[in-house]
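Worksheet for the structure shown next.
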Amino acid sequence: MKKEFEVLDMVCNHCVESVTEACKSVDGVTDVNVSLEDKKAVVEGDFNEDDIIKAIDEIGFEATVK
Numbered sequence: 001m002k003k004e005f006e007v008l009d010m011v012c013n014h015c016v017e018s019v020t021e022a023c024k025s026v027d028g029v030t031d032v033n034v035s036l037e038d039k040k041a042v043v044e045g046d047f048n049e050d051d052i053i054k055a056i057d058e059i060g061f062e063a064t065v066k
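In this text, residue positions in the sequence shown follow UniProt numbering: the first is 1, and each later residue adds one.
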């Protein structure tokens, strides 16, 4: 499965790295591509969408499914 999440409030590459690591920490995730310019994260694998949103929220960013 491949899902796109809107991640607002990212302002720098450190934000991108943090969101990437948060997504990778979710069971079943096989690939993550985070774009600062587009304010989005594309996540691939077999995972629960709510787990991705929760992981991103826990590091201080708001995420929604696009």
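Glycine included, C-beta positions come from ideal geometry on N, C-alpha and C.
- Cβ atoms of Ala63 and Phe5 come within 8 Å of each other, at about 5 Å.
- Residue burial is scored here from C-beta neighbours: Lys40 has at least 16 other C-beta atoms within 10 angstroms and is therefore classed as buried.
- Looking at the DSSP output, Asp31 bridges to Glu44.
- Assignment of Val19 by DSSP, reduced to helix, strand and coil, places it in the helix class.
- Around the Cβ of Met1, a 10 Å sphere holds fewer than 16 other Cβ atoms; the residue is exposed.
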